[in-house]
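The sequence shown runs contiguously to residue 158 in my numbering. Even for Gly, the Cβ is constructed at its ideal location relative to N, Cα and C.
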Amino acid sequence: MLPSLASLEQFEARIAGGVSSADEDRAQAALDDASSLIRQEAGLTWATEDDLSVGLYDLDADLPDVIVTITIAVAKRAYLVSDEVQGETLGDYQWRAPSSSGLYLTKAEKKLIRQVAGKTGLWTQATTRMETTLDVPTVYIDVEPEGEPIPWDVKEPS
Numbered sequence: 001m002l003p004s005l006a007s008l009e010q011f012e013a014r015i016a017g018g019v020s021s022a023d024e025d026r027a028q029a030a031l032d033d034a035s036s037l038i039r040q041e042a043g044l045t046w047a048t049e050d051d052l053s054v055g056l057y058d059l060d061a062d063l064p065d066v067i068v069t070i071t072i073a074v075a076k077r078a079y080l081v082s083d084e085v086q087g088e089t090l091g092d093y094q095w096r097a098p099s100s101s102g103l104y105l106t107k108a109e110k111k112l113i114r115q116v117a118g119k120t121g122l123w124t125q126a127t128t129r130m131e132t133t134l135d136v137p138t139v140y141i142d143v144e145p146e147g148e149p150i151p152w153d154v155k156e157p158s
């Protein structure tokens with residue numbers, strides 16, 4: 001299995017009160033799940049093979065800091081919103097957990113991941129032009145309200 005994109009120590013530093021030893025496995029699972037989600041979105045692993053014989057991997061030295069930050073944010077959402085806690089009420093104060101309290105990436109996180117991965121949505125589309133040996137005149141399309149007619153080549157089906 002690929003290593004998490006953030007360490008348990010980095011995660012614990014961002015949790016008020018830290019992570020208890022009883023919850024370390026759950027926190028690590030949240031980090032692993034968040035890492036898988038981020039890798040899927042990016043199309044990158046950010047890992048190098050350390051020992052091929054046993055399938056061990058190390059994180060790339062050039063892992064972007066923003067990926068670590070996003071990994072922790074995603075894992076933190078999943079870790080802090082337990083399936084058992086749906087809300088609380090104290091006097092006039094009331095709080096409810098969001099209904100989509102699972103593992104997810106926000107639009108902003110997806111955008112950052114795509115930027116880091118070099119997937120900004122711009123690509124090149126190759127095109128080919130069909131050449132014809134038919135003697136077909138060029139048709140001109142009128143432009144409304146005023147303007148030069150636009151040339152339009154008419155191709156006969158072959």
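Determine the contact status of residue i and residue j, defining contact as a CB-CB distance below 8 Å.
i, j, result
"LEU5", "ALA27", "no"
"TYR79", "PRO3", "no"
"ILE70", "GLN10", "no"
"GLY87", "TRP95", "yes"
"TRP152", "VAL143", "no"
Look at the alpha carbon of residue i and the alpha carbon of residue j, and state the distance between them as a whole number of angstroms.
i, j, result
"GLY43", "GLN115", "12 Å"
"GLU12", "PRO64", "20 Å"
"ALA34", "TYR104", "8 Å"
"LEU52", "LYS76", "Reliability of the predicted coordinates at LEU52 is poor, the pLDDT of 48 falling under 50, and the value obtained from them is presented with this limitation in mind. So the two alpha carbons sit approximately 32 Å from each other."
"THR120", "GLU109", "13 Å"
"MET1", "LEU90", "44 Å"
"LYS111", "ALA117", "10 Å"
"ASP62", "ILE141", "55 Å"
Just checking my contact of residue i with residue j at CB under 8 Å: how many whole Å lie between their CB atoms?
i, j, result
"VAL66", "LEU37", "With a Cβ gap of about 15 Å, VAL66 and LEU37 do not count as contacting."
"GLU41", "ILE150", "Wrong, their Cβ atoms sit about 42 Å apart, outside the cutoff."
"TRP46", "ASP60", "5 Å"
Is it the case that the CB of residue i approaches a heavy atom of the ligand COA more closely than 7 Å?
i, result
"THR45", "Within the structure as shown, the ligand COA is missing, as the structure has no ligands at all."
Using only CA atoms, which one of the options lies nearest to residue i?
i, options, result
"VAL81", "ASP92, LEU122, ALA30", "ALA30"
"VAL68", "GLY147, LYS107, ALA126, ARG14", "ARG14"
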